[in-house]
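Novice: So this note's numbering is basically just the index in the sequence shown, starting at one, shifted up by 98.
Ideal placement from N, C-alpha and C gives every residue a C-beta, glycine not left out.
Let me give you the structure first, and then I'll get to my questions.
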Amino acid sequence: MDTLHELVNILDSQDKIDFKNYLSRKNKRNDVKNIKLFNLIETDDIKSLNKIYKNSKNKDAYHALRKRLQDSLLLFLSQRTFENSNDEIYDILRNIVVARFLLENNLSKIGFKSLDKAERMAINQEQFSLVNEILLLKLQFSHLDPNIDLEKLTGMFRINQDHMQREAKLRLAYASLRKELDLIHLKGKVVNLSELIETTIKHYQINRIDFMNYKSLYQILFIANEYAAINQNYSLIQKFLIKSHQFIESQKEKPDSQIFYKLHVLYYLANFSLRNKAFAESIDYLSQMEALFDIKQQYKSVLYARQQLLYALNYFFMGNPEKGLGYVEDALVDLPKHGSQTDTEDLMLTKAMFLTQLNDDDSLSIMAKLTHTDAWYEKKLGMLWSIRKNLMEILMQIQFGNVELSVSRIKSFKRRYKKYLNQVNEQRVLNFVALVEKFLAKPDIIYQQTFQSTVYKMLEIEENRDIFNISFIAWLISRWEKTIPYKITIRLIQGLLEVSPTKMT
Numbered sequence: 099m100d101t102l103h104e105l106v107n108i109l110d111s112q113d114k115i116d117f118k119n120y121l122s123r124k125n126k127r128n129d130v131k132n133i134k135l136f137n138l139i140e141t142d143d144i145k146s147l148n149k150i151y152k153n154s155k156n157k158d159a160y161h162a163l164r165k166r167l168q169d170s171l172l173l174f175l176s177q178r179t180f181e182n183s184n185d186e187i188y189d190i191l192r193n194i195v196v197a198r199f200l201l202e203n204n205l206s207k208i209g210f211k212s213l214d215k216a217e218r219m220a221i222n223q224e225q226f227s228l229v230n231e232i233l234l235l236k237l238q239f240s241h242l243d244p245n246i247d248l249e250k251l252t253g254m255f256r257i258n259q260d261h262m263q264r265e266a267k268l269r270l271a272y273a274s275l276r277k278e279l280d281l282i283h284l285k286g287k288v289v290n291l292s293e294l295i296e297t298t299i300k301h302y303q304i305n306r307i308d309f310m311n312y313k314s315l316y317q318i319l320f321i322a323n324e325y326a327a328i329n330q331n332y333s334l335i336q337k338f339l340i341k342s343h344q345f346i347e348s349q350k351e352k353p354d355s356q357i358f359y360k361l362h363v364l365y366y367l368a369n370f371s372l373r374n375k376a377f378a379e380s381i382d383y384l385s386q387m388e389a390l391f392d393i394k395q396q397y398k399s400v401l402y403a404r405q406q407l408l409y410a411l412n413y414f415f416m417g418n419p420e421k422g423l424g425y426v427e428d429a430l431v432d433l434p435k436h437g438s439q440t441d442t443e444d445l446m447l448t449k450a451m452f453l454t455q456l457n458d459d460d461s462l463s464i465m466a467k468l469t470h471t472d473a474w475y476e477k478k479l480g481m482l483w484s485i486r487k488n489l490m491e492i493l494m495q496i497q498f499g500n501v502e503l504s505v506s507r508i509k510s511f512k513r514r515y516k517k518y519l520n521q522v523n524e525q526r527v528l529n530f531v532a533l534v535e536k537f538l539a540k541p542d543i544i545y546q547q548t549f550q551s552t553v554y555k556m557l558e559i560e561e562n563r564d565i566f567n568i569s570f571i572a573w574l575i576s577r578w579e580k581t582i583p584y585k586i587t588i589r590l591i592q593g594l595l596e597v598s599p600t601k602m603t
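The structure is reproduced here in structure tokens:
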């Protein structure tokens, strides 16, 4: 799908009507073909070129028309976003634009009042680049107001310059860490995350205290989440979780600002707690997200599906599968019409996993709805997600009697992922697949003591104590115990909690 089709597809029915009206007002001549092209793209008409230009030599004109339509659509979207957004950033920008217009027309009293409002909001949101723009406007038009203290204003400008410099260093550090993360993910580079962050902080001469705000914390936790997911070991980032938790606790009595970043910080902490089997703490963070949704409804659409997914996973792995399944089903129903496709796919895969664990063959029909290619899933949801999906499908086909199909899927899996798994030192995934192959070739092998011992020894590997990996191992154990995988999963999780309970505080 090309860029123009993707842009058209994000419009809802009212947006499409408004855009056509926008084009009609913009068109100066009656023979302009942009609305006709838009209608053809909207209906997925693949022969649009022939319907607009009869002569095949007009391909250049056709591509020029597409380019103009795309430019118009981008301009329309930018104006619509600016006009309709309830985000504080857009409120600040609106006040700056209005203030500039008023000051240029010598309406200084109301113009400076608009700038003062924008300045308060920008400082509260720590939008230092916008504060810089506001202060520059105040300096530029200071001659219109005799009450302005130029020396004080200049001092504020210099202080804000320091804030901007600090933020620039943080962004450079974040970009560097993201780059390093790609090397870890794609090339199997092994690093100590704590040491990497410490080295980066020193390299960019960043004061440690500068990381203690929601925006910086969000960026660090994003890095930590990706790192832990790659290594399948969320205990590796315990240090960052403790500091993050302490920061959240220290901010509870302060007015809510930076809610967008705070929501993401809470989401990451809820996810880390879940993966470390600290279910009660995870639910507590999710409840804090709920309270923030009530304050800023516009952010609910951004994280609601993922929050509900974490609720579902917590309750499922706590031993309440009905409640967990209910959360997934409700979230799928409540997804907005133009919601994230990745959220939909993630919820559906989770539902398929829950049903497989409960030995419900409806999981096969759910899995059949995940119709994108492996390449799409790898790009949109990550290599690990795609590998997990493929492994799940193999086990599902075996569980519900489709042995020949499962053998075919194993061959495809090894053909696509064996080289990658070896590159990133994930031999344990291939070892698991090898055990499944042995079971398929000789089903009675699961009753042999050596086979069972090999399976149980997999739990001694720290990375295999992740809740999802436990679920895979539980599936193999359920084959010889002749029970549903879910019972084994819960038993193993509870056993691990008794040996090494996880607490963040």
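I'd like to check one pair, L528 with N520: are the Cβ atoms closer than 9 Å?
Specialist: Yes, these two residues count as a Cβ contact at 9 Å.
Novice: For S438, which three-state DSSP category applies?
Specialist: S438: coil per DSSP, three-state reduction.
Novice: Measuring only the C-alpha atoms, how far is E265 from H362?
Specialist: Cα to Cα, the separation comes out at about 19 Å.
Novice: So, does the stretch 498-512 touch the stretch 583-592, judging by three or more C-beta pairs under 8 Å?
Specialist: No, because fewer than three Cβ pairs between the stretch 498-512 and the stretch 583-592 fall closer than 8 Å, the two stretches do not touch.
Novice: Tell me the rounded alpha-carbon separation between I257 and I190.
Specialist: About 20 Å.
Novice: Buried or exposed: which applies to A162, given that a residue is buried once 16 or more other Cβ atoms fall within 10 Å of its Cβ?
Specialist: Flag for A162 reads exposed.
Novice: Keeping to the same chain, check which residues put their C-beta closer than 7 Å to that of K114; ignore five residues upstream and five downstream.
Specialist: Contacts found: E140.
Novice: Report, in whole angstroms, the separation of the C-beta atoms of P419 and Y584, which I expect to be a contact under 8 Å.
Specialist: Sure, about 6 Å apart at Cβ, within 8 Å.
Novice: May I ask which residues mark the beginning and end of the alpha helix (DSSP H) holding Q386?
Specialist: Residues F377 to I393.
Novice: Would you list, in sequence order, the uninterrupted beta strand (DSSP E) runs of no fewer than 3 residues that lie entirely inside the stretch 404-437?
Specialist: Taking only runs of at least 3 residues, no beta strand (DSSP E) segment lies wholly in the stretch 404-437.
Novice: Closest to I559 by C-alpha separation, out of L228, L433, Q525 and Q303, would be which residue?
Specialist: For the residues L228, L433, Q525 and Q303, the minimum Cα distance to I559 belongs to Q525.
Novice: Quick check: the Cα distance between I568 and K300, rounded to an integer number of angstroms?
Specialist: Looking at the two C-alpha atoms, the distance is approximately 38 Å.
Novice: Quick check on Y397: does DSSP put it in helix, strand or coil?
Specialist: Helix.
Novice: Spatial neighbours of D460 within its chain, please: CB distance less than 8 Å, with the 5 preceding and 5 following residues excluded, ordered by chain position.
Specialist: Contacts found: L453.
Novice: Look at the alpha carbon of I575 and the alpha carbon of T448, and state the distance between them as a whole number of angstroms.
Specialist: About 21 Å.
Novice: Could you name the residues of the same chain whose beta carbon sits closer than 8 Å to that of M451, not counting the 5 residues immediately before and after it, in chain order?
Specialist: If we look at M451 and ignore the five residues flanking it on each side, its Cβ neighbours are S461, M490 and S569.
Novice: Does the beta-carbon of W474 have 16 or more other beta-carbons within 10 angstroms, so that it is buried, or is it exposed?
Specialist: Answer is exposed; the Cβ neighbour count stays below 16.
Novice: Once DSSP output is grouped into helix, strand and coil, what is the label at L102?
Specialist: Helix at L102.
Novice: Look at the Cβ atom of Y383, then the Cβ atom of S371, and state whether they are nearer than 9 Å.
Specialist: Yes, these two residues count as a Cβ contact at 9 Å.
Novice: Please report the distance separating the alpha-carbon of H241 from that of E217.
Specialist: Each residue's Cα considered, the two are about 19 Å apart.
Novice: Compare the beta carbon distance of S206 and F255 with 9 Å and say whether it is the shorter of the two.
Specialist: Contact: no.
Novice: Taking Cβ to Cβ, would you say L401 is nearer than 9 Å to Y365?
Specialist: Closer than 9 Å, so yes.
Novice: Tell whether a beta-carbon distance below 9 Å holds between Q455 and A572.
Specialist: Result yes, Cβ atoms of Q455 and A572 sit closer than 9 Å.
Novice: Out of curiosity, what's the CA-to-CA distance linking R276 and I304?
Specialist: Cα to Cα, the separation comes out at about 17 Å.
Novice: Where do the N-terminal and C-terminal ends of the alpha helix (DSSP H) with Y188 fall, by residue?
Specialist: Its alpha helix (DSSP H) spans residues E186 to E202.
Novice: Could you give the C-beta distance for E224 and Q356, rounded to a whole number, given that I count them as a contact under 8 Å?
Specialist: Indeed they touch by this definition, with Cβ atoms about 7 Å apart.
Novice: Please classify N523: is it buried, with 16 or more other beta-carbons within 10 angstroms of its beta-carbon, or exposed?
Specialist: The residue in question, N523, is exposed, as its Cβ has fewer than 16 Cβ neighbours within 10 Å.
Novice: Where does the unbroken alpha helix (DSSP H) through T471 begin, and where does it stop?
Specialist: Unbroken run through T471: none, as it is neither H nor E.
Novice: Among I544, S227, A376 and Q405, which has the Cα closest to the Cα of A389?
Specialist: That would be Q405, whose Cα lies nearest to the Cα of A389.
Novice: Return the residue from the list R514, I492 and K517 that minimises the CA-CA distance to R507.
Specialist: Cα-wise, what sits closest to R507 is I492.
Novice: In three-state DSSP terms, what is Y302?
Specialist: Of the three classes helix, strand and coil, the one that applies to Y302 here is coil, per DSSP.
Novice: Alpha carbons only, please: which of F174, V130, N125 and R373 is nearest the one belonging to L594?
Specialist: For the residues F174, V130, N125 and R373, the minimum Cα distance to L594 belongs to R373.
Novice: Mind checking whether L407 and S380 have CB atoms under 9 Å apart?
Specialist: Contact flag unset, no.
Novice: What does the Cβ neighbour count give for G253, buried or exposed, with the cut at 16 atoms within 10 Å?
Specialist: The residue is exposed, with fewer than 16 neighbouring Cβ atoms inside 10 Å.
Novice: Are there 16 or more other CB atoms within 10 angstroms of the CB of P599, so buried, or fewer, so exposed?
Specialist: Residue confidence for P599 is low, a pLDDT of 43 falling below 50, so the modelled location carries little weight and cannot support an answer.
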